[in-house]
Amino acid sequence: MCGATRGGPSLDGVDVENQAVIQGVVTRDGVPVSTAYVRLLDRTGEFTAEVPVSATGQFRFFAGTGEWTLRTLAPRSATVDRPVVATIGSVADVEIDLDKVAVGA
Amino acid sequence: MSRENALVNADWVEEHLDDPNVVLVEVDEDAEAYDKGHIRGAVKLDWNTDLKDGVRHDFVSKDQLEKLLSEKGIGNDDTIVLYGGNNNWFAAYAYWFLSYNGHENLRLLDGGRKKWELDSRELTDDVPSRDATTYTAKEPNSDIRAFRDEVVEAIGVKNLIDVRSPDEYAGRLLAPAHLPQEAAQIPGHIPTAGNVPWSKAANDDGTFRDDDELRELYAEAGYDEGKDAIAYCRIGERSSHTWFVLHEVLGYPNVKNYDGSWTEYGSLRGVPVALGDQPGEA
Chain D
66 MCGATRGGPS LDGVDVENQA VIQGVVTRDG VPVSTAYVRL LDRTGEFTAE VPVSATGQFR
126 FFAGTGEWTL RTLAPRSATV DRPVVATIGS VADVEIDLDK VAVGA
Chain X
159 MSRENALVNA DWVEEHLDDP NVVLVEVDED AEAYDKGHIR GAVKLDWNTD LKDGVRHDFV
219 SKDQLEKLLS EKGIGNDDTI VLYGGNNNWF AAYAYWFLSY NGHENLRLLD GGRKKWELDS
279 RELTDDVPSR DATTYTAKEP NSDIRAFRDE VVEAIGVKNL IDVRSPDEYA GRLLAPAHLP
339 QEAAQIPGHI PTAGNVPWSK AANDDGTFRD DDELRELYAE AGYDEGKDAI AYCRIGERSS
399 HTWFVLHEVL GYPNVKNYDG SWTEYGSLRG VPVALGDQPG EA
C-alpha cells in the first residue's frame with residue numbers, strides 16, 4: 066500500500082516505559098497486507114492473544130518480559146512463525162514477510 | 159444441545175445467504191472490522207455499545223435488548239447465525255448473551271470471520287436493510303449465568319475453569335497480551351480453578367476441535383463431568399467461548415458463565431486468591 070508507515074503502528078500516546086510492546090507489520094513481497102491474523106504464543110507455544118492486522122498491515126501486543134513467538138496466518142500463504150524477545154520499557158518492532166510460495170499454488 | 163445444533167459451516171451459510179429467516183450477525187472485538195467488509199446480508203452488533211447498559215455495570219435491560227433487536231430487523235423466530243474474528247471470541251459472547259435472554263434459534267459459524275477470510279470467501283461493504291420487527295425477549299435464564307456469591311461457594315465444590323492465558327492465570331499478566339497491562343485488580347486466580355486457555359478449544363483457523371479432543375482437553379485439567387461447572391476469564395467474553403464448548407458443543411448440563419470474571423473477583427474483599435501455576439487449595 067503506497068505511503069504506508071513501515072514497521073509497527075505509531076506509539077504516540079502509548080506508555081512504553083511500563084509496557085513490553087511487540088508490534089510490527091505484515092507484508093507480502095515488501096507490501097503491507099490488509100488481511101492477516103497475528104497470534105502471540107508464549108514460551109511454551111501456548112496461544113496468548115491474536116489480532117487482525119490493520120488496513121496497513123500493522124499489529125501490536127502488550128506482552129511481558131520474555132521470549133514469545135508471532136504466528137501469522139493469511140489467505141494464500143503458509144503460516145509464518147517468528148520468535149521475538151520482549152522487555153518492559155522497550156519496543157520490539159518486526160516486519161513479517163509472508164511466504165512468497167502460495168499454499169496450493 | 160450438540161455440535162450439530164449449535165454450529166454451521168461456511169458452505170451452509172453461503173447456501174442460506176438469501177434465506178429471509180436466517181440473520182447473519184457479525185460481532186468483533188474490534189467493532190470496526192464489520193465496516194472493512196462483512197458477509198453479505200450480515201448486520202453488525204457492537205458488544206461494547208449495544209450490549210452494555212451504559213450506567214450500571216451490567217448488560218442492557220430486557221426493554222433495551224428488545225429495542226435493539228427490533229431495530230436490527232431480527233424476529234423471534236429467526237435463526238441468528240453469529241460470527242466474528244479471533245475464533246469467534248465475541249460472537250460466542252453474543253451467543254451466550256442472546257441465549258441468556260431466551261433466543262432459541264442460535265448458531266455460530268464454525269471458524270468465524272477468520273476462516274471465512276483465510277478461505278478467501280466473499281465479503282462486501284454493502285450494509286443490508288432489514289425491516290424492523292417487534293422482538294420480545296424472555297426473562298433471563300439464570301441457569302447459564304453465575305454471580306459472585308455462587309462462584310465463591312463453588313470453590314472446591316464445582317468445576318471452576320479459568321480460561322485466561324497461563325500467564326494471566328498465574329498472575330504474571332493482568333490482561334490479554336494485546337491490551338495494555340493496566341487494571342485495578344490484583345493478579346491471580348480463584349483457588350481450585352483449573353486453567354484451560356479458551357483458545358485451546360479451537361484450531362488455528364478458528365474452527366472448533368472435534369468432540370473427543372475437547373473432552374480430553376478438559377479432562378486433563380481435572381474437569382469432572384459429574385459436577386456442575388463455572389467458567390470465567392477477565393471480563394466474561396473468553397469464558398463465553400468455553401461455555402459454548404462445554405454447554406452447546408459437548409452438551410454438558412449445568413455450565414455457567416461468570417461474566418463478572420476476574421475484574422470483579424480480583425477486586426473483592428474477603429475472598430481467597432491463588433497465585434502461580436497450580437490451582438491451589440479450597
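As given, the protein sequences belong to chains D and X, one line each in that order. All the letters of the first sequence, read from the start, carry residue numbers 66 to 170 under our numbering. All the letters of the second sequence, read from the start, carry residue numbers 159 to 440 under our numbering. C-beta: ideal position from N, C-alpha, C; glycine also.
Could you tell me the alpha carbon to alpha carbon distance between residue i and residue j, rounded to whole angstroms?
i: residue 102 of chain D; j: residue 234 of chain X; result: 35 Å
i: residue 288 of chain X; j: residue 134 of chain D; result: 44 Å
i: residue 177 of chain X; j: residue 433 of chain X; result: 51 Å
i: residue 436 of chain X; j: residue 148 of chain D; result: 27 Å
i: residue 166 of chain D; j: residue 126 of chain D; result: Confidence at residue 166 of chain D is low in this model, with a pLDDT of 46, below 50, so its placement is unreliable and the value that follows should be read with caution. Their Cα atoms are separated by approximately 27 Å.
i: residue 222 of chain X; j: residue 141 of chain D; result: 43 Å
i: residue 381 of chain X; j: residue 286 of chain X; result: 43 Å
Comparing alpha-carbon positions, which option in the options lies nearest residue i?
i: residue 491 of chain X; options: D/100, D/115, D/141 and D/154; result: Since the first and last residues shown for chain X are 159 and 440, residue 491 of chain X lies out of range.
i: residue 247 of chain X; options: X/311, X/398, X/170 and X/414; result: X/398
i: residue 278 of chain X; options: X/348, X/195, X/254 and X/260; result: X/195
i: residue 83 of chain D; options: D/154, D/90, D/162 and D/147; result: D/154
i: residue 137 of chain D; options: X/219, X/276 and X/189; result: X/276
i: residue 337 of chain X; options: D/95, D/111 and D/129; result: D/129
i: residue 403 of chain X; options: X/355, X/392 and X/430; result: X/355
i: residue 302 of chain X; options: X/249, X/332, X/378 and X/388; result: X/388
i: residue 172 of chain X; options: X/191, X/199, X/159 and X/161; result: X/199
At a Cβ threshold of 8 Å, is residue i touching chain X?
i: residue 141 of chain D; result: yes
i: residue 138 of chain D; result: yes
i: residue 157 of chain D; result: no
i: residue 100 of chain D; result: yes
i: residue 129 of chain D; result: yes
i: residue 78 of chain D; result: no
i: residue 152 of chain D; result: no
Inspect the beta-carbon positions of residue i and residue j and report whether they are closer than 8 Å.
i: residue 424 of chain X; j: residue 313 of chain X; result: no
i: residue 143 of chain D; j: residue 98 of chain D; result: no
i: residue 349 of chain X; j: residue 440 of chain X; result: yes
i: residue 191 of chain X; j: residue 243 of chain X; result: yes
Using beta carbons (cut-off 8 Å, strictly below), is residue i in contact with chain D?
i: residue 378 of chain X; result: no
i: residue 275 of chain X; result: yes
i: residue 335 of chain X; result: yes
i: residue 331 of chain X; result: yes
i: residue 204 of chain X; result: no
i: residue 325 of chain X; result: yes
i: residue 272 of chain X; result: yes
i: residue 228 of chain X; result: no
For the segment 230 to 263 of chain X, list every residue whose C-beta sits within 7 Å of some C-beta in chain D, in sequence order. 243 and 244
Chain-ordered residues of the segment 341 to 363 of chain X with a beta carbon less than 8 Å from chain D: 355, 357, 358, 362 and 363
Along the segment 104 to 120 of chain D, what residues have a CB closer than 8 Å to any CB found in chain X? 104, 105, 107, 109, 111, 112, 113, 114, 115, 116, 117 and 120
Relative to chain D, which residues along the segment 166 to 194 of chain X have a C-beta separation below 8 Å, given in chain order? 188, 191 and 194
Under 9 Å, CB to CB, which of the residues in the segment 414 to 434 of chain X have a partner in chain D? none
Under 7 Å, CB to CB, which of the residues in the segment 390 to 415 of chain X have a partner in chain D? none
For the segment 197 to 223 of chain X, enumerate the residues whose C-beta is nearer than 9 Å to any C-beta of chain D, in chain order. none
The segment 296 to 317 of chain X: positions lying closer than 8 Å to chain D by Cβ: none
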